[in-house]
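Structure first, then comments.
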Amino acid sequence: MQVAVFSQKPYWRTFFDEANLDYGHQLTYFEPALNTQTVALAAGHGAVCVFVHDQVDGEVLLALQSGGTRLVALRCAGFNNVDLERAAALGVKVVRVPAYSPHAVAEHAVSLITALNRKIHRAYARVREGNMALEGLLGVELCSKTVGVVGTGNIGAIVARIMRGFGCRILAFDPYPDERLEEVVEFVSLDRLAAESDVISLHCPLTPETYHLVDAEWLKKIKLGCMVINTSRGALIDTRAAIDALKSGKIGSLGLDVYEEEADLFFEDLSEKVIQDDVFARLLTFPNVIITAHQGFFTQEAIGQIAHTTLANITAFERGQPLVNEVSAARKVKQAKCHS
Ligand code: NAI
Numbered sequence: 320m321q322v323a324v325f326s327q328k329p330y331w332r333t334f335f336d337e338a339n340l341d342y343g344h345q346l347t348y349f350e351p352a353l354n355t356q357t358v359a360l361a362a363g364h365g366a367v368c369v370f371v372h373d374q375v376d377g378e379v380l381l382a383l384q385s386g387g388t389r390l391v392a393l394r395c396a397g398f399n400n401v402d403l404e405r406a407a408a409l410g411v412k413v414v415r416v417p418a419y420s421p422h423a424v425a426e427h428a429v430s431l432i433t434a435l436n437r438k439i440h441r442a443y444a445r446v447r448e449g450n451m452a453l454e455g456l457l458g459v460e461l462c463s464k465t466v467g468v469v470g471t472g473n474i475g476a477i478v479a480r481i482m483r484g485f486g487c488r489i490l491a492f493d494p495y496p497d498e499r500l501e502e503v504v505e506f507v508s509l510d511r512l513a514a515e516s517d518v519i520s521l522h523c524p525l526t527p528e529t530y531h532l533v534d535a536e537w538l539k540k541i542k543l544g545c546m547v548i549n550t551s552r553g554a555l556i557d558t559r560a561a562i563d564a565l566k567s568g569k570i571g572s573l574g575l576d577v578y579e580e581e582a583d584l585f586f587e588d589l590s591e592k593v594i595q596d597d598v599f600a601r602l603l604t605f606p607n608v609i610i611t612a613h614q615g616f617f618t619q620e621a622i623g624q625i626a627h628t629t630l631a632n633i634t635a636f637e638r639g640q641p642l643v644n645e646v647s648a649a650r651k652v653k654q655a656k657c658h659s
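Reading the sequence shown from the start, the letters are residues 320 to 659 in my numbering.
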């Protein structure tokens, strides 16, 4: 099948070209993200392959459909950037990669926790400058601390198990608690999780209900000095409220792999440019904040799986086989109810 691959980077191409030896699709790579300005590039391609920052709204879907595209193949799990209702109305199918090595993101979240706690980012810079002083690097032992996991799906469950291995007590909140996890976590209300956790790690999807889940009101409920980790989606946190909480010390440290306005920043080398986003620039000034640019998924294992699942999804569509990884407006509701 002719596939237009948007937001291409050399690492995507390496893994997709290798995986495609098993599938034989005609992949055309485009560096720009898919949006209203670039959608014309997709004309004549039966499928587009897109990632988290590609814009698949109603206008883009209409243009895709007019150009002959019948399949949007997401090479990621999240689908908050796709207008599913509009896709259904236009007869455009949407498939995704529901799970690809959730260990990749879970291990990254734990890396942020341990790095922030022992101030590895500061120690690294200091020692390279010949400063071997320890002042300011004091950490705590994670053993016996309380970790709150918000969302215990594929990734949150692994974070819970890893942190349990550190000897932590694990509290969790999920509207659809998984009883298989009850030997590892105690499911509690979101408020109790906020009040008792020393570390809070977010692993729920971005939905209208979870938009700005961490806002000024909620931050009043957390323990003074709590560490907050977000490797899920940027808009789970009201960044301005988080900055206020960092300034007051309510948030003791913050680890982010995602940011509300990351689409204009992440995945690009902006080191020669002046960052125009003042909120992001303010975040960069805190010594107790670590930001990584959406690299939680970025392991060899995960990208290999993403490439294979995406190409298999496209093959299934081409052959008229059942689309096991289809996302539709109806399934979105069902998944939310059934603990996706
Ligand atoms: P999942 O679908 O397996 O689990 C999500 C869990 O959140 C489910 O158990 C669901 O019941 C729960 N949930 C739904 N609404 C909730 C709410 N209001 N409060 C608390 N929990 C709620 O998803 P998975 O694979 O574990 O992914 C979690 C997040 O990680 C997603 O936002 C995804 O977009 C993000 N992600 C980030 C990556 C990165 O590179 N940083 C890569 C892959 C995923």
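All C-beta atoms, glycine included, are put in the ideal place defined by N, C-alpha and C.
At the C-beta level, L403 and D576 stay beyond 9 Å of one another.
In this structure, T529 has its beta carbon less than 8 Å from a heavy atom of the ligand NAI.
Per DSSP, K464 lies in no beta strand (DSSP E) and is assigned neither H nor E. Short of 6 Å from the beta carbon of G467, and not among the five residues preceding or following it, lie these beta carbons of its own chain, in chain order: L490, L512, S516, I519. Proximity of the region 406 to 422 to the region 384 to 398 meets the contact definition, three or more beta-carbon pairs being nearer than 8 Å. A straight line joining the alpha-carbon of V478 with that of G574 spans about 14 Å. With contacts defined as CB atoms closer than 9 Å, L565 and L521 fail to qualify as a contacting pair. Counting of Cβ neighbours within 10 angstroms places E581 among the buried residues, the total reaching 16 or more. With a cut-off of 8 Å, the C-beta of Q614 is classified as near the ligand NAI, since at least one heavy atom of the ligand falls inside that distance. In this structure, Y330 has its beta carbon at no less than 8 Å from each heavy atom of the ligand NAI. Pairing L383 with A361 gives a Cβ-Cβ distance under 9 Å.
Set against 8 Å, the gap from the CB of G475 to the closest heavy atom of the ligand NAI is smaller. If you check the C-beta of T629 against the ligand NAI, you find no heavy atom less than 8 Å away. With the rule of 3 Cβ pairs closer than 8 Å, the region 333 to 342 does not count as touching the region 599 to 608. Listed as beta-bridge partners of Y348 by DSSP are V324. Taking C-beta atoms under 8 Å as the contact rule, H344 and I562 fail to qualify, at a distance of about 45 Å. The alpha-carbon of S551 is positioned some 15 Å away from that of F370.
Nearest neighbour of G365 by Cα position, chosen from G544, V324, E536, turns out to be V324. An exposed status is given to A444, since fewer than 16 other beta-carbon atoms sit within 10 Å of its beta-carbon. Under DSSP, C368 takes part in a beta bridge, and its partners are V324, A392.
Judged by their CB atoms, S508 and R488 are not nearer to each other than the 9 Å cut-off. Annotation for S590: no residue places its beta carbon closer than 8 Å to its own, counting only its chain and skipping 5 residues before and after. At least 9 Å separates the beta-carbon of G553 from that of E528.
Of the candidates V646, E536, H613, the residue whose Cα lies closest to the Cα of A425 is H613.
With fewer than 16 neighbouring CB atoms inside 10 Å of its own CB, T355 falls in the exposed class. Taken through DSSP and simplified to helix, strand or coil, F616 comes out as coil. Using a cutoff of 8 Å, the CB of A396 counts as near the ligand NAI, since one of the ligand's heavy atoms is closer than that.
With respect to L543, G571 sits close: the two C-beta atoms are nearer than 9 Å. About 18 Å separates the beta carbon of Q624 from that of S326, a gap too long to meet the 8 Å contact definition. Shown here, K542 sits in coil according to DSSP, grouped into three states, outside any helix or strand. The alpha-carbon of F506 is positioned some 8 Å away from that of D493.
At the C-beta level, D557 and H531 come within 9 Å of one another.
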